[in-house]
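Trainee:
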Amino acid sequence: MIVASRFNGPPRSGNGGYTCGLLAHEFGLGETVEVTLRRPPPLDVALDLRRGETLELLDGETLVAEARAVEETVDAVDPVDLETARAASEHYPGLGSHPFARCFGCGTERPDGLRVFPGPVAGDDAGRVAAAWTPAESTAADWHEYDDPTERCSVATTWTALDCIGGWACDQGERLMVLGRMTAVLDTLPAVGEPHVVVAQRVGGEGRRSLSLATLYDPDGRIVGRARHTWVAIDPSSFDA
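Taking the numbering used here, the leading residue of the sequence shown gets 1, the next gets one more, and so forth.
(1) Just the Cα atoms here: how many angstroms apart are V192 and T150?
(2) So does the region 113 to 120 actually touch the region 177 to 185, counting three or more Cβ pairs closer than 8 Å?
(3) Identify, in the order they occur along the chain, each residue of the same chain with its Cβ nearer than 7 Å to the Cβ of V116, setting aside the five sequence neighbours on each side.
(4) Nearest to A269 by CA position, among L82, V80 and E34, is which residue?
(5) Please return the same chain residues whose Cβ sits closer than 6 Å to the Cβ of Y18, not counting the five positions on each side in sequence.
(6) List the endpoints of the continuous alpha helix (DSSP H) containing E83.
(7) Got a sec? Which residues, its chain only, sit under 7 Å from A87 by beta carbon, not counting five neighbours each side?
(8) Between the alpha carbons of E242 and L57, how many angstroms are there, rounded?
(9) Evaluate P236 with the Cβ neighbour count: other Cβ atoms within 10 Å of its Cβ, from every protein chain shown; 16 or more gives buried, anything less gives exposed.
(10) From the DSSP secondary-structure annotation, give me the bridge partner or partners of A227.
(11) If you draw a straight line from the C-alpha of Y217 to the C-alpha of D148, how long is it?
(12) Whole angstroms are fine: how far does the CA of P42 sit from the CA of V3?
(13) Could you have a look at G94 and say whether DSSP puts it in helix, strand or coil?
(14) Return the first residue and the last residue of the alpha helix (DSSP H) that A24 is part of.
(15) Check A161 in the structure and name its three-state DSSP category.
(16) Counting only runs that start and end within the region 28 to 61, where is the beta strand (DSSP E) found for 3 or more residues in a row?
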């Protein structure tokens, strides 16, 4: 397994959600999968998978990440409509200052990225952030495995869309955080070329750790996937951010 350089988060390591999604792909749609990142995923390096009580991603003998299926409920974040999400994206904090401007998921300097730009939902007491997202054709990779004539995003790309927005719900613009753990379940995969809405909110945390939830909705308001995140605040110099 290789995390290609295109799918970076910080400058020299893989996007956390994308890396988690690569592992989640091994479990199939409909499974709730928990992935814990143990170190920054290296780019363009052949990594090994080792199956045991958990599915381990290894760089030589160094554990990069481990995944397991869990019987847990991942709560959904209440939706907003497409126009509200578009309006929120106009106030994306990353447009002014971004710690990882070339991140595949939310980077402002990545015309080939997902460009999920979450901003605060106006007048929302729950503190939700939202973004409108239309998957590009370049995000379709393994959709054909699911016996569906509709061109859809890959599992890893869908996890990416559910990833970064959680960090922005936890004040990513105020202190630098990286993904430590992500638990998600996909009911389906998002259709390429159709407008979707991603919504997230902070749900807790203490010290260096923050917790968030995110939900991806299709154009008809149906849930595509749900995620729960644990974020860890870090020293910016550790990623040359």
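Cβ coordinates follow ideal geometry from the N, Cα and C atoms, glycine included.
Note that the structure is a prediction, hence the values are computed from the model and not measured.
Mentor: Straight from the coordinates:
(1) Here residue 192 corresponds to residue number 192 of the sequence shown, with the count starting at 1. Here residue 150 corresponds to residue number 150 of the sequence shown, with the count starting at 1. Roughly 8 Å between the two C-alpha positions.
(2) Fewer than three pairs of CB atoms, one per stretch, sit closer than 8 Å, so the region 113 to 120 makes no contact with the region 177 to 185.
(3) By 1-based counting over the sequence shown, the position of residue 116 is 116. These residues qualify, in order along the chain: G105, C106, A131, W133, A161, C164, I165 and V198.
(4) Nothing can be reported for residue 269, as the shown portion of the chain is limited to 1 through 241.
(5) Within the sequence shown, numbered from 1, the residue matching residue 18 stands at position 18. Closer than 6 Å at the Cβ level, and outside the excluded window around Y18, lie F7, A156 and T160.
(6) What you label residue 83 is simply residue 83 of the sequence shown in a count that begins at 1. In the DSSP assignment, E83 falls within the unbroken alpha helix (DSSP H) covering L82 to S89.
(7) Along the sequence shown, read from residue 1 onward, the residue named residue 87 stands at position 87. Cβ within range, chain order: A122.
(8) Residue 242 is absent from the structure shown; the chain starts at 1 and stops at 241.
(9) Taking the sequence shown and counting its residues from 1, one reaches residue 236 at position 236. Around the beta carbon of P236, fewer than 16 other beta carbons sit within 10 angstroms, so the residue counts as exposed.
(10) Along the sequence shown, one-based indexing puts residue 227 at 227. For A227, the pairing in a beta bridge is given by DSSP as A184 and A214.
(11) As a position in the sequence shown, residue 217 is number 217, starting the count at 1. As a position in the sequence shown, residue 148 is number 148, starting the count at 1. If you take the alpha carbons of Y217 and D148, they lie about 18 Å apart.
(12) As a position in the sequence shown, residue 3 is number 3, starting the count at 1. As a position in the sequence shown, residue 42 is number 42, starting the count at 1. The straight-line gap from Cα to Cα measures roughly 7 Å.
(13) For this step, residue 94 is matched to residue 94 along the sequence shown. The answer is helix: DSSP assigns G94 an H, G or I state.
(14) On the sequence shown, residue 24 is found 24 positions in, with the first residue counted as 1. Its alpha helix (DSSP H) spans residues G16 to A24.
(15) Numbered from its first residue, the sequence shown carries residue 161 at position 161. In the structure shown, A161 adopts helical secondary structure according to DSSP, grouped into three states.
(16) If we require 3 residues or more, the beta strand (DSSP E) runs fully inside the region 28 to 61 come out as 33 to 37, 48 to 51 and 55 to 59.
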